[in-house]
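Working notes for the structure below.
Number of protein chains: 2
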Amino acid sequence: MISHKIVPNVSVDCVIFGFDFEKLNVLLVDRELKDERTGKVLISDHTLTGYHIYDDEDLDTAAYRILKELTGLDNLFLEQFAAFGQLDRVSSEKDQLWLKHINKGFADRIITVGYLALIDNTQVTLKLSEKNVQWYPVNEVKNMEMAFDHKYIFYKALEALQKKVKVEPIAFELLPDYFTLSQLQKLYEALLGASFDKRNFRKKISQMHYVIPLKKKQKGVPHKPAQYYLFSREVYEKTKKNRISFIV
Amino acid sequence: MISHKIVPNVSVDCVIFGFDFEKLNVLLVDRELKDERTGKVLISDHTLTGYHIYDDEDLDTAAYRILKELTGLDNLFLEQFAAFGQLDRVSSEKDQLWLKHINKGFADRIITVGYLALIDNTQVTLKLSEKNVQWYPVNEVKNMEMAFDHKYIFYKALEALQKKVKVEPIAFELLPDYFTLSQLQKLYEALLGASFDKRNFRKKISQMHYVIPLKKKQKGVPHKPAQYYLFSREVYEKTKKNRISFIV
DNA sequence: GCAAAAGTGTTACCGGTACACCCATGC
DNA sequence: GCATGGGTGTACCGGTAACACTTTTGC
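Those protein sequences? They're chains U and F, same order as listed. Heads up: the first sequence begins at 1 in our numbering, then just goes up one per residue. Heads up: the second sequence begins at 1001 in our numbering, then just goes up one per residue.
What follows is the structure, encoded as structure tokens:
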């Protein structure tokens, strides 16, 4: 393996969202530091999944690399949403302690580029078992202790996601290839913190010709089995209309 | 004056848009390099207005600084829109020549954070006369020679602006404090590359209660004088409704 | 047969679009 | 008085919102 040189002042951090058919989740790293002699826990909190970029890779490439290392998946939805460079983003006491501990000689002025990733939660959960990484419900993040400015970055990512989901068909990235309309509705409700009328929701979806009903139906459920649907990006790209008007 | 240390791998670039009541413009630096002996022009093109960040300033602060140095104005609309870190963004032959010439010892791997700035064009034009900086119509950029990846960054900024203007009341940042509805309409048409029906446009605006008619009217124009209007951010913030629905 | 979620239609209202003429001013 | 842009109303259409019952399955 080639050893890479890192770019000292730049990192990427990925905010990875997942959906388990019930609620929206985020993938976080459990960070723990114990005193070597006493065993006393000095730090116990959470970080986003990020790392420095190498001097021979693009920002996007770095983000994909981190994601691949973590989940084993590629071809995920991944998109930059902001850069963060506050002077004090790494300067809290515990974060300084941590940086000293890992001792990789990172600069103390680090600009990080935030990436938003969307994953079908159910696919990934298994592969995480060995790493100190797990899904946490988005709603619980507010009560969690987090490293650096990662809580701030997380909320900016959530904001960006909520904004984007209203005007682009990216919600589908959080669902498996086949899904039911109820699952889709639950997802939109979880994303937007709203609730929709079932009939109106379905009417709306039926106008999106890129959400295509399959022959397949649910099996083994103790109620009327639901129809499965498929999202076709191809049909979406072909049929999307350019809105020229504005709403403010 | 204190001498600052720069962060070697990070810069900001501002894409500054202005509107002259006719068309959308962008503020660009004229870059020229002549051979010292022969006087032959080696480089003659344009750059965005950007610079490295100092190690004691935030990204936003750096962008404000650059803007202030250039236009003499602060309190401008300024917002990050993306970060750029392609490996080859600085590696073209003429850009290498240029970097060697200015010889500031910059790293050759530079990640830049793009900022979008909106200015009332008419206010600024005067102050630029001494600098090698001027307004260029947005429509002409496609035919212009530009440094580094600045053309790419410019188009990304334009895209971001067009997207944003559809859902947030930022167009007003490009107009003076008082403006007529025709000016506003022309602005939206220039921004979105569309044209609107006058009556429908005015109906739409009249529903935006944060666009407030003044007592003042135009004077000295050879036609019926137009009413002046004012944008009130305060009223906007108070009355804006949170759209919970989605359109894709 | 009962619990649980799937699926389906109608009406009322509002915002968007299309369209043509008179008005106030400077010269 | 004429050229120039300012300003106004109405009719149709399509999308959004509110609302309740029947269907299919597993147990």
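Just so you know, even glycine gets a beta-carbon here, dropped at the ideal spot from N, CA and C. Just so we're clear, the structure is a prediction, and the values are computed from it rather than from any experiment.
Buried or exposed by the 16-neighbour rule on C-beta atoms within 10 Å, applied to residue i
i         : result
GLY1193/F : exposed
PHE1019/F : buried
ASN1143/F : exposed
HIS1101/F : exposed
GLY220/U  : exposed
ASN1121/F : buried
GLY72/U   : exposed
PHE77/U   : exposed
ASP1183/F : According to the sequence shown, residue 1183/F is Gln rather than Asp. Per the 10 Å Cβ criterion, buried.
ILE212/U  : exposed
HIS1150/F : buried
ASP1088/F : exposed
ASN139/U  : exposed
ASP74/U   : exposed
LEU1067/F : buried
ASN1200/F : exposed
LEU1158/F : buried
GLY39/U   : exposed
Residue i (DSSP reduced to helix, strand or coil)
i         : result
ILE1153/F : helix
GLU1189/F : helix
GLU57/U   : coil
PHE1330/F : No information on residue 1330/F is available, as it lies outside the stretch 1001 to 1248 that chain F covers here.
ALA117/U  : strand
LEU1097/F : helix
ILE6/U    : strand
GLN227/U  : strand
PHE1019/F : strand
LYS216/U  : strand
VAL211/U  : strand
VAL1248/F : coil
VAL1138/F : helix
VAL90/U   : coil
PHE1201/F : helix
VAL124/U  : helix
VAL1249/F : Because residue 1249/F is not part of the residues shown, which for chain F are 1001 to 1248, the question remains open.
VAL221/U  : coil
PHE172/U  : helix
LYS241/U  : coil
C-beta atoms of residue i and residue j nearer than 8 Å
i         : j         : result
VAL7/U    : ARG1109/F : yes
ALA1083/F : VAL113/U  : yes
VAL1133/F : LEU1070/F : yes
TYR1236/F : PHE246/U  : no
HIS1046/F : GLU1145/F : yes
GLN136/U  : LEU28/U   : Correcting the residue identity first, residue 136/U is Tyr in this sequence and not Gln. Taking 8 Å as the Cβ cut-off, TYR136/U and LEU28/U qualify as a contacting pair.
PHE1172/F : GLN1185/F : no
VAL252/U  : LEU48/U   : Given a span of 1 to 248 for chain U in the structure shown, any question on residue 252/U remains unanswerable.
LEU175/U  : PHE17/U   : no
TYR1178/F : LYS1240/F : no
PRO1169/F : PHE1081/F : no
LEU945/F  : ILE111/U  : Outside the displayed range of chain F (1001 to 1248) lies residue 945/F, so it cannot be described from this structure.
TYR1051/F : HIS1004/F : no
LEU1191/F : VAL1167/F : no
THR180/U  : TYR210/U  : no
ASP1095/F : PHE1148/F : yes
LEU99/U   : ALA160/U  : no
VAL248/U  : MET1208/F : yes
SER1044/F : GLU1036/F : no
Bridge-paired residues (DSSP) for residue i
i         : result
THR47/U   : VAL29/U
ASP13/U   : GLY50/U, GLY114/U
LEU24/U   : PHE19/U
LYS34/U   : VAL41/U
MET146/U  : HIS46/U
VAL1256/F : Residue 1256/F lies beyond the residue range present for chain F, which begins at 1001 and ends at 1248; the question has no answer from this structure.
TYR1236/F : DSSP output for TYR1236/F lists no bridge partner at all.
PHE1179/F : TYR1229/F
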